[in-house]
Amino acid sequence: GNGAVQKGMPHKVYHGKTGRVYNVTAHALGVIVNKRVRGRIIPKRINIRIEHVKHSKCRQDFLVRVKENERLLKEAKAAGKIVKLKRQPAPPKTAHIVSGTEKPVLLAPIPYEFVA
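Residue numbers (this note's numbering): 23 to 138.
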């Protein structure tokens, strides 16, 4: 949000949280935000001025992915192939050799010495 405007700023608990707009007024928005209180999550209704709100980009990324999947499906159908649309986790890094300029130093614990 805009820190220059203190009016209608949400409490620090709600900074950076994602919520759903349920009410629109002339200068502010009513937003439903989840708040964790001890062991449970409570949906809270807070009023925030427009200066302190910004659109979440997760929906935009999802819509881009849907369009890409539809394009891939259309191409695969035309070619008569099956395409996997599920997202895959990042694969492990490929094997490579690490070359060091200095010799490795062997670390060992110092032997215990009893001082009476």
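Think of the CB as a built atom: it goes at the ideal place given N, C-alpha and C, for glycine as much as any other residue.
Point to revise | Close Cβ partners of His74 (< 8 Å) along its chain, the five nearest in sequence each way excluded | key: Gly23, Asn24, Val27, Gly30, Met31 and Pro32
Exercise for review: Using 7 Å as the cut-off, classify the Cβ of Asp83 as near or not near the heavy atoms of the ligand HEM, replying yes or no.
Suggested key: Among the components of this structure there are no ligands whatsoever, and the ligand HEM is therefore not found.
Check your understanding: Val88 by DSSP, collapsed to three states: which one?
Key -> helix
Point to revise | 6 Å Cβ shell around Thr40 - same chain, five flanking residues per side excluded | key: Ser78
Review point. Is the beta carbon of Val53 less than 8 Å from the beta carbon of Val43?
Key: yes
Exercise for review: Below 6 Å CB to CB, which residues in the same chain sit around Pro114 once its five sequence neighbours on both sides are set aside?
Suggested key: none
Practice item. Grab me the residues of His49's own chain with a C-beta within less than 8 Å of its C-beta, minus the 5 sequence neighbours each way, in chain order. Key: Gly30, Arg71 and Ile72
Practice item. For the beta strand (DSSP E) holding Asn45, just list the boundary residues, first then last. Key: Gly41 to Val46
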